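In what follows, a single structure is set out as structure tokens and then discussed.
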Amino acid sequence: MGRCLEAVGNPHLAVPPVIHVAGTNGKGSVQAMIRAGLEAAGQTVHAYTSPHLARFHERIRVAGNLISEQELTQILDEVYAANGGETITYFEITTVAAFLAFAKTKADWTLLEVGLGGRYDATNVIDDPRLTIITTVDLDHQQFLGDTVADIAFQKAGIIKRGVPLIIGPQHEEGLEVIEAEAQKFGAPTLAFGQHWHAHEENGRLIYQDETGLLDLPRPNLRGPHQVGNAGMAIAALRHLDYGENAANGAVTDAFWPARMQKLKSGPLLDAAPEAELWLDGGHNPAAGAALAETLARLPKRPTHLICGMLSTKDVEGYLRPLAKHATSLHAVAIPGEAATLSASETAQAAKAVGIPAKEAAVVVDALRAITDTTPNARILICGSLYLAGAILRENG
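Numbered by the working numbering, the letters in the sequence shown go through residues 20 to 416 in order.
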């Protein structure tokens, strides 16, 4: 990674000030809210995120706009040529390309989302970010990051830099202890949820408070009670950077992040089920399942049917267990084009194990028709994987 960066002129040293975001759940939502807040304040923002959903260029946003296909091709060609055939990972070469794109275009800020973990992540070549953020740490990717929340928190805390302020989102106690110990080790000032700032929902509004005062804001545009904590992190970051209420308001009202309890409003799937209420969510770990269950609990009562596909590396029962009391049925599908997909039969078996009546379907549209044949006005949630969500967004236009 360092060798490739040097070969293209060390572009990571020339990008605008960096806000670096790590965590298990909420990284993308927090980044989207910060970007919306900064743009509401008139700032121009580069942003790097992963994975992409429908198209690869979603990963790189240059000065507020998705990188063009032509520019992406040119930059990737430049990076591949500079790498000279040496060993490098897919994510590393993508990260180098993002830095190169950002260095070539002026902006006020750079938002970087960690790909995996943090300590050994390709984005962690930034030695002097302006701000770091660690969102909620939970169990996911244990085969790479460790088997406990404390182990995983240690990997996430690898983005902490000496003297650089750290925003800490809502955490399990064992994760918080690790993060705070690492921050103390590096002399990084902390702004932690529940200590230095607070955020909660009250009467359909978001109430945020820190030492500088209280903000009474609209409920976050992104759905789900968990988004209140994500919004709090974004607002804490914006206020630390001296942006005012206009930026905070923009963060909660203007942010959009696809496949996070996204209501589908048009496309072939809606044409096939015109009376149904169709939702899409890419969460894939037990904490995401719990957050999704909380979100469903707040929707108006309606029979809710799941169409679910998951990767074989995920804790399927752990993800589905919180959803069991909300799901009338589950239709299991394999994720198209994914070698690591769990088979429909395995996903259905896991659903039955946690008490959800389950069937198998060859493809999503078959599941959709099976549900709407008996319940035309059903609430249908397609869920279980960002890769499945990406396939749906590609196919549903």
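Here a beta-carbon is modelled for each residue, glycine too, at the ideal position from N, C-alpha and C.
Note that this is a predicted model, so its numbers are computed, not measured.
Can you list the beta strand (DSSP E) stretches of 3 or more residues lying completely in the segment 21-91, in chain order?
37-41, 64-67, 79-81
Measuring straight from C-alpha to C-alpha, what distance separates alanine 169 and leucine 195?
When rounded, the distance between both Cα atoms is 8 Å.
Would you call the CB atoms of alanine 267 and valine 247 closer than 8 Å?
Contact: no.
For proline 239, is the classification buried or exposed, using 16 other Cβ atoms within 10 angstroms of its Cβ as the cut-off for buried?
Sixteen is the threshold: when 16 or more other Cβ atoms of the shown chains lie within 10 Å of the Cβ of proline 239, as they do, the residue is buried.
Quick one: residues in its chain with C-beta nearer than 7 Å to the C-beta of arginine 149, no 5 flanking neighbours on either side, listed in chain order?
Closer than 7 Å at Cβ, skipping near neighbours: Pro36, Val37, Ile38.
Following the continuous alpha helix (DSSP H) through serine 364, name the residue where it begins and the one where it ends.
Element bounds for serine 364: 363-372.
Please name the residue, chosen from Leu330, Pro189, Ala176, Asp159, that lies closest to glutamine 203 on a Cα-to-Cα basis.
Ala176
If we ignore side chains and look at the alpha-carbon of each, how far apart do leucine 339 and glycine 308 end up?
6 Å
Tell me which residues share the same chain as lysine 378 and place their Cβ nearer than 6 Å to its Cβ, disregarding the 5 neighbours each side in the sequence.
His350
Just confirm the distance between the C-beta atoms of valine 40 and glutamate 97, as a whole number of angstroms; I'd bet it's less than 8 Å.
At roughly 27 Å, the Cβ-Cβ gap does not stay under 8 Å, so valine 40 and glutamate 97 are not in contact.
Counting Cβ pairs closer than 8 Å, one from the segment 311-323 and one from the segment 392-403, do we hit at least three?
yes
Taking the CB atoms as reference points, tell me whether isoleucine 178 and threonine 151 lie closer together than 8 Å.
yes
Once DSSP output is grouped into helix, strand and coil, what is the label at lysine 284?
coil
Per DSSP, tryptophan 298 forms a beta bridge with which residues?
Lys282, Leu400
Name the residue from Ala120, Gln89, Ile53 whose alpha carbon lies nearest to the alpha carbon of leucine 24.
For leucine 24, the closest alpha carbon among the candidates Ala120, Gln89, Ile53 is that of Ala120.
Quick one: residues in its chain with C-beta nearer than 8 Å to the C-beta of arginine 224, no 5 flanking neighbours on either side, listed in chain order?
Once the five neighbours on either side are set aside, the close Cβ partners of arginine 224 are Asp235, Leu236, Pro237, Arg238.
What does tyrosine 406 pair with, by DSSP beta-bridge criteria?
Paired residues: none, contrary to the question.
For isoleucine 354, which of helix, strand or coil comes out of DSSP?
coil
Compare the beta carbon distance of valine 183 and alanine 211 with 8 Å and say whether it is the shorter of the two.
no
Beta-carbon spacing of asparagine 396, alanine 295 below 8 Å
yes
What are the start and end residues of the alpha helix (DSSP H) that includes alanine 312?
305-316
Can you tell me the Cα-Cα spacing of aspartate 334 and valine 383, whole angstroms?
21 Å
Quick check for students: name the residue ranges of the alpha helix (DSSP H) that lie wholly in the segment 168-206, counting only runs of 4 or more.
Within the segment 168-206, the runs of alpha helix (DSSP H) at least 4 residues long that lie entirely inside it are, in chain order, 168-175, 192-204.
Kindly indicate which three-state DSSP category leucine 135 falls into: helix, strand or coil?
coil
If we call anything under 8 Å between Cβ atoms a contact, is alanine 116 one with valine 34?
Taking 8 Å as the Cβ cut-off, alanine 116 and valine 34 do not qualify as a contacting pair.
Where arginine 238 sits in the DSSP three-state scheme
coil
Which word fits threonine 113, buried or exposed, when buried means at least 16 other C-beta atoms lie within 10 angstroms of its C-beta?
buried
Candidates Thr129, Glu220, Thr360, Glu88: which alpha carbon is nearest histidine 65's?
Thr129
Pairs of beta-carbons, one from the segment 258-267 and one from the segment 367-376, closer than 8 Å: are there three or more?
no
Could you check which residue in Pro355, Ala306, Gly83, Thr92 has the C-alpha nearest to that of phenylalanine 75?
Thr92
My assumption, with CB atoms under 8 Å, is that leucine 72 sits in contact with alanine 343. Please give the rounded CB distance.
With a Cβ gap of about 27 Å, leucine 72 and alanine 343 do not count as contacting.
Among all the DSSP beta bridges, which residues are the ones paired with serine 360?
Correcting the residue type first, residue 360 is threonine in the shown sequence and not serine. DSSP, once it has assigned bridges, lists Leu330 as partnering threonine 360.
Any contact of the segment 156-163 with the segment 245-259, i.e. 3+ C-beta pairs under 8 Å?
no
DSSP three-state assignment for tyrosine 262, whether helix, strand or coil
coil
Per the DSSP calculation, phenylalanine 212 is bridged to which residue(s)?
Trp216
Measuring only the C-alpha atoms, how far is valine 27 from threonine 393?
59 Å
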